[in-house]
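Here's the structure we're looking at; comments come further down.
Protein chains: 4
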Amino acid sequence: MTVQPSPSRPGRPVLLGQNQYGKAENRVVRITRDGDTHHIKDLNVSVALSGDMDDVHHCGSNANVLPTDTTKNTVYAFAKEHGIASAEQFGIHLARHFVTSQEPIHRARIRVEEYSWERIEHHGRGAHSFVRANQETRLAQITYDGTSWEVVSGLKDLVVMNSTDSEFHGFVKDKYTTLPEAHDRILATQVSARWRFNWTDDAQQAPDWETSYAETRRHMLEAFAETYSLSLQQTLYEMGARIVEHRDEIDEVRFSLPNKHHFLVDLEPFGLKNDNEVYFAADRPYGLIEATVLREGRPQLIPADLTNL
Amino acid sequence: MTVQPSPSRPGRPVLLGQNQYGKAENRVVRITRDGDTHHIKDLNVSVALSGDMDDVHHCGSNANVLPTDTTKNTVYAFAKEHGIASAEQFGIHLARHFVTSQEPIHRARIRVEEYSWERIEHHGRGAHSFVRANQETRLAQITYDGTSWEVVSGLKDLVVMNSTDSEFHGFVKDKYTTLPEAHDRILATQVSARWRFNWTDDAQQAPDWETSYAETRRHMLEAFAETYSLSLQQTLYEMGARIVEHRDEIDEVRFSLPNKHHFLVDLEPFGLKNDNEVYFAADRPYGLIEATVLREGRPQLIPADLTNL
Amino acid sequence: MTVQPSPSRPGRPVLLGQNQYGKAENRVVRITRDGDTHHIKDLNVSVALSGDMDDVHHCGSNANVLPTDTTKNTVYAFAKEHGIASAEQFGIHLARHFVTSQEPIHRARIRVEEYSWERIEHHGRGAHSFVRANQETRLAQITYDGTSWEVVSGLKDLVVMNSTDSEFHGFVKDKYTTLPEAHDRILATQVSARWRFNWTDDAQQAPDWETSYAETRRHMLEAFAETYSLSLQQTLYEMGARIVEHRDEIDEVRFSLPNKHHFLVDLEPFGLKNDNEVYFAADRPYGLIEATVLREGRPQLIPADLTNL
Amino acid sequence: MTVQPSPSRPGRPVLLGQNQYGKAENRVVRITRDGDTHHIKDLNVSVALSGDMDDVHHCGSNANVLPTDTTKNTVYAFAKEHGIASAEQFGIHLARHFVTSQEPIHRARIRVEEYSWERIEHHGRGAHSFVRANQETRLAQITYDGTSWEVVSGLKDLVVMNSTDSEFHGFVKDKYTTLPEAHDRILATQVSARWRFNWTDDAQQAPDWETSYAETRRHMLEAFAETYSLSLQQTLYEMGARIVEHRDEIDEVRFSLPNKHHFLVDLEPFGLKNDNEVYFAADRPYGLIEATVLREGRPQLIPADLTNL
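In order, the protein sequence lines correspond to chains A, B, C and D.
The numbering of the first sequence is the working numbering, which starts it at 665 and goes up by one.
The numbering of the second sequence is the working numbering, which starts it at 665 and goes up by one.
The numbering of the third sequence is the working numbering, which starts it at 665 and goes up by one.
The numbering of the fourth sequence is the working numbering, which starts it at 665 and goes up by one.
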């Protein structure tokens, strides 16, 4: 937020600061037909534009305002004109268009949610039947200021669990501490992650966005599964480090990991021994562990708060 | 609802009708350890009990009331004592217990949501790492009145799409009709389904609940994919008929199928032709198609409204 | 559900049972302008039609099918033609129209959610500024079969709390009971209620739907507040009885009342005494208390399960 | 985010960046008894702590980690020890405690959601019955680094509508623009707002947090109602300016305002004229207007993105 606040109108000690506008949550489904075999991309695209927007705030003049409705139309038109090779590439087309075609627009930020579909196996003809798959939603954010690009990809709602190989002890005790130490517990979380690419310039070779996403997701899952955990922080760090070490195109990863507590149920009142078999899956409250892991020498740019809590 | 309303208290022209109570949404996770290989069942269990409950309504006497907290404890204790072979079998254990152990309880209904997990493939030791899979939630409802059983299984939030092989025309036109006929459209829905088993008696051989669920889900998906559709009603009927024809243990299926509209975007204002490639995925309103399909000669017992809209 | 299943197609042991279709969740806002003073009705209207619908299920013939899109158009056209005096009256117009204008339609059911708005007090001219008010949503369901009417109104998400004057003791103890008795507890619930009117015939004087709703809501709140409670069942019964006793137009009330547990926090480990001051508001699990209260001699017609859990 | 990334472990080109942890969503209800009259505060409190946390990320050592469970206990203990005069004051107690009592903790951030309750009017004794009121949720965020305070308050889900006195025209038209100009439209939004206080030092007189919230909410509503709007940006600016001009304790306001579109329904196909009476309330997509309004000479510190879309 290096935007300079705009001069106030005469007589008011009030300035306009950072602002952006656009159409949010444009739901676009793009079908590509290869004979009887269809391919599908299912996106939720949000546009946010910034630029010379003082007048519309100060007096309601829309002379510099491309309507949000137009930004919606552009999303659908571009789905036809450019296709959707990936969420990232689609966002790059859109962001470039808004900044280069509209003089008052100095920055465009495109956010995309992508929903995944698998083919339904069946005995009929053709391949154009699909079932929604996975719990998680893929994310992409593309920002362009006319000069350089920032691409941050990610996912949310990837729910994972280790049913053992997790401990928690040796922690600080103060007068409000009642938690017993745990030497074998369930570790479960709902991963929200964002990772920033070091591709910033059209002159660079762009990453293969589809491969990068699949591999990054795989590294996160493997790191989660393969880490014997003494704290969720340690697991988080390993997930991030694994990505930085294996994916040269990524410089920074931010995680927000709720500790989805599974409490061992006390069955002793019923004469039963609970040998780490029966758990109560709690909703609230939950531990919330958030951190950035980044490549040595690279800046920290992803904002800290991925959730509002 | 053949329950007879209870006599009113003196002087009040008011009767008590059908009533039930219990603890809802008990979240239980059951881990079964086979050495380094763990198995997981993840359920949300709701208990509803009915019986001699006039006094507690009329004057607050809890003499016949087993606390809802106790029904929660029982869920966790039974997860240890009986394990969770399937949602249905677990519900049968619980329902039988409440009806046979508590004289004032005449009927027990257990509802279960089950969440599915897949193993994470990784290079570490053991097999105790999981990722939540699928969009849909498996459902089971077990009702016992001390004599006979009713088991209704199902699922919700199974989202499916055919990107072609769907038409809609030849419909009634009245003065409020503006819809054009469609000869190639996307057909998409979010399946909510319940199916009733003809197993009602302990003397009968119970179905293999796990196999039955997997096969019923498969038949639904195949019928959806293999049906060239002239209306969502036709597709619904084929999905139900396929189940009745292939699964002898099931007598009745109820569907609630929102028609998740995907509207072809008009790109002509931008000089583009939309050859069934770019769609707007709408939220509301949506068509809602609901029907029961049942085996000849068998009663219709599943209630009509699976949703509240 | 007294619908007779339809004959199967040759060779299939499969029947079509109860079915209905229509457009769900039509969001209509109706502004009535009285000079500078505007009035607002904000509804979510769902249409469900039943009748001669065998062919569309069996072979996809839409010859009897009024499109769901047409039912949507009708909602908006009727908002203009008839206005929206109340959710109930609006539903009556719609249901009558579908059954009387379309020969294949034998039954129409209209469900309405209504959102409440209050005026914003301000110093400007006119009275056309509003703020959404209340947590609860008003509900109405109107069913017409060409002969008689069933009107069920209600509400959901009305959250109430008594911070004292609630006890729970004298309950059954079995081997799974650990709950201590409570002699002063918080009683809180999120009321879901439906009430059925005894107006069934056009020849009868219809109730004043707006007054009836306001008074019924008031009686529920007063009964909740004024009842010293020994169990949530007792409070529920008083809420229903109060309505039946005071509102002659209503014959039956159904409640679904989650017991929103507020657990007294144990502060003794920190050397503090918790004198019914500090509570943990729990999410899940929760007690769920459901019952019908009805006028002597009147039938019980509202279905038992208002929620799916 | 001026946090310096931590040195990597030997041999890994990976650094730890900004990180924080704590217990989120502690639901606390505090009853204050004044004889038969009770007062209620209903909060959802989230704790996030930062400091010397390298070891727990790098190797799982919890030697500097106060458990999230302890932070939860502290919330409940402080509700007893300090009471809850306001969300802001309660957060100040908590943040000060964590930073001053734990050497490794350098910064504490407390986030609070507050739910509002109104008294139920009734004829019984006492005043301890409540009903949840309003759609919006009050928010507070308190951050302390051992030296200075940052308090940001706000609200979300305040839904407002002007049914006239809104226009939108004179905007940019490009090749993707199809929107007609509007000279009388509904303007509706769901306000999400955050405002930052200029109280930063214990030596300053703290604002009256309760009065400040009530007045700020009132100014926002009045500004929304009293502004003849040529764009939602103009309305947003007036809402912010009104606060800055009237509330000396506030230096900066950030808004995220979805333009909740209400589309005039075309009734001409049915031979009806829609004279700004019947609207379709759309869900998605929606315009999203976001901006900061601030006092001249004061810094812009509230992050730009209040939502994730």
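From the three backbone atoms N, C-alpha and C, an ideal C-beta is built for every residue, glycine too.
None of the values given here were measured: they were computed from a predicted structure.
Between the stretch 880–894 of chain B and the stretch 819–829 of chain B, the count of Cβ pairs shorter than 8 Å is three or higher; the stretches touch.
The secondary-structure analysis by DSSP pairs residue 922 of chain D across a beta bridge with D/952. For residue 789 of chain A, there is no enclosing beta strand (DSSP E), as DSSP marks it with neither H nor E. Pairing residue 769 of chain C with residue 763 of chain C gives a Cβ-Cβ distance under 8 Å. When secondary structure is reduced to three states using DSSP, residue 827 of chain D falls in the coil class, being assigned neither helix nor strand.
Interface flag for residue 823 of chain A against chain B is set, since a Cβ pair is found closer than 8 Å. For residue 838 of chain D, the closest C-alpha among the options A/737, A/709, A/862 is that of A/737.
With respect to the 8 Å criterion, residue 971 of chain C and residue 856 of chain C are classified as neighbours on the basis of their beta carbons. Counting only runs of 3 or more residues that sit fully inside the stretch 812–895 of chain B, the beta strand (DSSP E) segments are 813–826, 851–861, in chain order. Pairing residue 709 of chain C with residue 944 of chain D gives a Cβ-Cβ distance that is not under 8 Å.
Excluding sequence positions up to five before and after residue 743 of chain C, its CB lies within less than 6 Å of the CB of 692, 694, all in the same chain and listed in chain order. Under the criterion of beta carbons closer than 8 Å, residue 734 of chain D and residue 843 of chain A qualify as touching, at roughly 7 Å. Linking residue 850 of chain D to residue 923 of chain D through their CA atoms gives a straight-line distance of about 10 Å.
Taking a beta-carbon distance threshold of 8 Å, residue 838 of chain A does not count as an interface residue toward chain C. Counting along the chain, residue 690 of chain A sits inside the beta strand (DSSP E) bounded by residues 690–698. Contacts between residue 829 of chain D and chain C, judged by CB atoms closer than 8 Å, involve 790, 792 in chain order. Using a Cβ-Cβ cut-off of 7 Å, residue 933 of chain A is close to 842 of chain C, given in chain order. With a contact defined as Cβ atoms closer than 8 Å, residue 940 of chain D and residue 829 of chain D miss out at about 12 Å. In this structure, the straight-line span from the alpha carbon of residue 879 of chain B to that of residue 780 of chain A is close to 23 Å. Taking all protein chains shown into account, residue 675 of chain B has fewer than 16 neighbouring C-beta atoms within 10 Å of its C-beta and is therefore exposed. Chain-order list of chain A residues neighbouring residue 948 of chain C: 947, by C-beta distance under 7 Å. Residue 887 of chain B is outside the set of residues whose beta carbon lies under 8 Å from a beta carbon in chain C. The Cβ atoms of residue 775 of chain B and residue 805 of chain B sit closer than 8 Å to each other. For the set C/966, C/960, C/929, C/947, the Cα lying nearest the Cα of residue 739 of chain D is the one of C/929. The beta carbon of residue 744 of chain C falls within 8 Å of a beta carbon belonging to chain D, placing the residue at that interface. Counting only Cβ-Cβ distances below 9 Å, residue 959 of chain B has contacts in chain C at 677, 678, 679, in chain order. Burial check for residue 937 of chain C: the Cβ neighbour count within 10 Å stays below 16, so the residue is exposed.
Chain C places a beta carbon closer than 8 Å to that of residue 799 of chain D, counting this residue as a contact.
In this structure, the straight-line span from the alpha carbon of residue 904 of chain B to that of residue 690 of chain C is close to 28 Å.
Annotated as distal: residue 815 of chain D and residue 758 of chain D, with beta-carbon spacing of 8 Å or more. Within 10 angstroms of the beta-carbon of residue 935 of chain B lie fewer than 16 other beta-carbons, which makes it exposed. DSSP places residue 683 of chain D within a strand segment (E or B) once states are collapsed to three. In this structure, DSSP gives residue 769 of chain D an extended state, which the three-state scheme calls strand.
For residue 691 of chain B, the closest Cβ of chain A is nearer than 8 Å.
Note on geometry: alpha-carbon atoms of residue 697 of chain C and residue 948 of chain A lie some 46 Å from one another.
If you check each beta-carbon in the stretch 728–753 of chain A against every beta-carbon of chain B, the ones closer than 8 Å belong to 737, 740, 741, 743, 744, 745.
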